[in-house]
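With the numbering used here applied, the sequence shown corresponds to residues 2 to 278, in that order.
Even glycine gets a Cβ: it sits at the ideal position worked out from N, Cα and C.
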Amino acid sequence: MQVQEAARVSFGFADIDWSKPWFAQFAARGERWQRGALRGYAELLAEMNADAGAMQQRTGRGQRLAFIAQDDLPPGAAYEAHIAATGCVPTRHNLHDFFNGSMWFAFPRIKAALNARQSAAIDVLGIGPNRGGVRDTLTLFDENALLFACADPALSAALRGFDWQTLLVARRDAWGARCEVRCFGHALLEKLIAPFKACTGHAWIVDVPSEYFGWNAAARDAWLDESVSTALLGTEALTSRMFAPLPVLGIPGWYAENESAAFYDDTSVFRTGRRSR
């Protein structure tokens with residue numbers, strides 16, 4: 002059984018294709034972590050903690066970030082509350098937690114904001130079968146969010162309105178010049194190891210200035226990190242209605258088959274509908 006489990010874990014880590022656009026943004030650090038993960042659990046934690054120490058990351062209540070084995074989480078302790086109180090992120094030797102750890106470095110302010118809001122809600126409501134709407138929304142963001150950076154209100158409106166023909170076909174040339182996407186949700190990234198057409202993220206729309214698209218990737222990520230974290234901390238009534246569904250493989254430039262306009266004719270994936278933010 003242990004041999005089978007080791008083979009399954011090894012295959013998962015070995016199967017990350019860093020050339021894919023949804024992974025490429027994390028490749029510089031991710032490839033090194035991947036090598037550690039393939040060597041073993043302790044080696045992965047060592048790589049993660051070396052980066053945490055060097056970059057002096059902080060959690061939602063200002064604790065120094067560190068990564069610990071899942072078994073080191075005290076019995077009965079709530080995951081988010083433990084991170085907030087100690088700075089220690091319980092981490093398993095799997096892809097899900099690998100990508101979760103990556104987000105603490107790609108978007109540290111957003112992760113800290115999510116942790117701060119989650120732990121504050123736990124302080125008030127405790128742990129129970131019903132987490133409440135705000136915690137559900139925070140979890141949805143953490144697990145499945147896409148950051149849709151956009152400098153054109155018409156494109157944001159098209160996304161909110163399920164107007165796929167405008168967003169993904171007619172205005173295809175706007176991608177990279179007036180809008181773009183960053184993956185954030187670690188469960189979404191795990192699913193994209195083996196992508197499928199219906200794989201859909203929850204897009205959080207971020208209005209950006211036009212000059213954003215002249216900045217390098219690091220400056221864009223820093224701007225998104227600051228803007229989104231501020232919104233998460235400053236918006237009291239967070240709800241799932243603040244997201245818009247976006248099928249990941251429909252993003253222009255992210256999947257060869259979507260070069261054909263017929264790709265978007267599949268209404269089981271590119272559904273019609275209307276929603277308000």
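Across the structure, MET243 and ASN145 are spaced so that their CA atoms are roughly 13 angstroms apart. Taking C-beta separations shorter than 7 angstroms and ignoring five residues to either side along the sequence, the partners of VAL229 in its chain run ILE111, LEU148, TRP205, VAL207, following chain order. Counting C-beta atoms within 10 angstroms of its own C-beta, VAL135 has 16 or more neighbours from the protein chains shown and is therefore classed as buried.
Here the region 83 to 91 lies against the region 101 to 120, with 3 or more beta-carbon pairs under 8 angstroms apart. Our two residues, ASP72 and ARG221, have alpha carbons roughly 37 angstroms apart in a direct line. Collapsing the DSSP output to three states places ARG62 in coil. In the three-state reduction of the DSSP assignment, GLU237 falls in the coil class. For TRP216, there is no enclosing alpha helix (DSSP H), since its DSSP letter is neither H nor E. Closest in C-alpha terms to ARG62, from the list TRP23, ALA262, LEU234, ARG183, comes LEU234. Within its own chain, the residues whose Cβ lies closer than 6 angstroms to the Cβ of PRO22, once the five positions on either side in sequence are excluded, are TRP255, listed in chain order. Beyond the five residues adjoining it in sequence on each side, TYR265 comes within less than 8 angstroms, by CB distance, of TRP165, GLN166, LEU169, VAL170, GLY251, ASN259, PHE271 in the same chain, given in chain order. GLY41 places its beta carbon 7 angstroms or farther from that of ARG65. As the crow flies, the alpha-carbon of GLU44 is around 10 angstroms from that of HIS94. By the beta-carbon neighbour count (other beta carbons within 10 angstroms, threshold 16), GLN57 is exposed. ARG33 sits exposed, since fewer than 16 C-beta atoms from the chains shown fall within 10 Å of its C-beta. In the DSSP assignment, ALA204 is bridged to LEU147, ALA245. Taking the Cβ atoms as the reference, SER241 lies roughly 5 angstroms from THR138, within the contact range of under 8 angstroms. In the three-state scheme derived from DSSP, where H, G and I count as helix and E and B as strand, TRP19 is classed as coil.
By a beta-carbon distance limit of 8 angstroms, PHE68 contacts THR92. Their separation comes to about 5 angstroms. PRO248 sits buried, since 16 or more C-beta atoms from the chains shown fall within 10 Å of its C-beta. Here VAL125 is exposed: its Cβ has fewer than 16 other Cβ atoms, across all protein chains shown, within 10 Å.
Boundaries for ALA70: no alpha helix (DSSP H) harbours it, while the beta strand (DSSP E) harbouring it runs 67 to 70, taken from the DSSP string.
Here the alpha carbons of ASP16 and LEU39 stand approximately 11 angstroms from one another. Every beta strand (DSSP E) stretch that sits fully inside the region 80 to 136 and reaches 3 residues is listed by chain position as 89 to 92.
Annotation: GLU181 to PRO76 spans about 42 angstroms, alpha carbon to alpha carbon.
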